[in-house]
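J.:
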Amino acid sequence: MTELTFARAFLTALDSRPITISADHVEDPRSFPSNRPAIILPKMPKAMSKPTTTTPQTDKPLTITLKSLRNPPLNLSLPATPQTSILDLKQALASQAGVPVDKARILHRKKPVPDSKIVKDLIEGEEDTLELAVMVMGGAAVLKAPAAAAATSGAAVPGLEGGDEGAEKVVESDAFWEDLRAFVVQRVKDEKVGGELAVLFKKSWEENKGK
């Protein structure tokens, strides 16, 4: 038998067998040749590490200081976490200092912070304290308004009847113009432009009053 004839016969025999072994194929170990050496798998150089269960990291406690050097003066320390929102701080300020939420402005580095921000967005590194400034729109008047409304119960409010003397006293005070300047700066988001507008308003008022 030539090599070519043998190769053809061998390939013909292979064609009659299945190309792949079925998934449920089982081979009897007793049919293995006795002279086949046993295969021993080598040991792994390092033991497999077991999966460790990690506990969720809890937010560390922080101390937030809310300060206002203007009218009304405030100095309030509040416990918080990195997930505490600016709105939460305003609500705490309202419950402890009587400042209405819609009248309070929280400032960070002299810039207003929106209610949607959280403390984590403002704090740096591993600091556990944060100092924020508070601007109360309307000054101390907004703190006294609820108490005055409850006390009067519909009675006439002094100053509203009998002329504009009460209004003129408020406008002539430095606190009014400072609050106006802070409000304009907060709206236009520019310290220089807001200051110029506040000066223009005051100058126009004084010129109109002198006529």
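Residue numbers for the sequence shown, in my numbering: 1 to 211. Using N, Cα and C, we set each Cβ at its ideal position, and we do this for glycine too.
So, residue 137 versus residue 111, is the Cβ gap smaller than 9 Å?
T.: No, the Cβ-Cβ distance between residue 137 and residue 111 is not below 9 Å.
J.: Assuming contact is defined by CB atoms lying nearer than 9 Å, are residue 118 and residue 82 in contact in what I supplied?
T.: Yes, Cβ-Cβ distance for residue 118 and residue 82 is below 9 Å.
J.: For residue 167, is the classification buried or exposed, using 16 other Cβ atoms within 10 angstroms of its Cβ as the cut-off for buried?
T.: With fewer than 16 Cβ atoms within 10 Å of its Cβ, residue 167 is classed as exposed.
J.: Quick one: Cα of residue 44 to Cα of residue 6, how far?
T.: Each residue's Cα considered, the two are about 45 Å apart.
J.: Between the C-alpha atoms of residue 170 and residue 177, what's the straight-line distance to the nearest angstrom?
T.: Cα to Cα, residue 170 sits roughly 9 Å from residue 177.
J.: Anyone know if the C-beta pair for residue 79 and residue 63 falls short of 9 Å?
T.: Cβ distance < 9 Å, so residue 79 and residue 63 count as in contact.
J.: Does DSSP put residue 101 in a helix, in a strand, or in coil?
T.: Reduced to three states, the DSSP call for residue 101 is helix.
J.: For residue 24, count neighbouring Cβ atoms within 10 angstroms of its own Cβ and tell me buried if that reaches 16, exposed if not.
T.: With fewer than 16 Cβ atoms within 10 Å of its Cβ, residue 24 is classed as exposed.
J.: Indicate whether residue 92 and residue 100 have their beta-carbon atoms separated by less than 9 Å.
T.: Not closer than 9 Å, so no.
J.: In whole angstroms, what separates the C-alpha of residue 184 from that of residue 191?
T.: Rounded to the nearest angstrom, the two C-alpha atoms are 9 Å apart.
J.: From the DSSP output, in three-state form, read off residue 122 for me.
T.: In this structure, residue 122 counts as coil in the three-state DSSP scheme.
J.: Is residue 51 near residue 86, with beta carbons less than 9 Å apart?
T.: No, the Cβ-Cβ distance between residue 51 and residue 86 is not below 9 Å.
J.: According to the neighbour-count rule (16 or more other Cβ atoms, all chains shown, within 10 Å of its Cβ), is residue 203 buried or exposed?
T.: Residue 203 should be labelled exposed.
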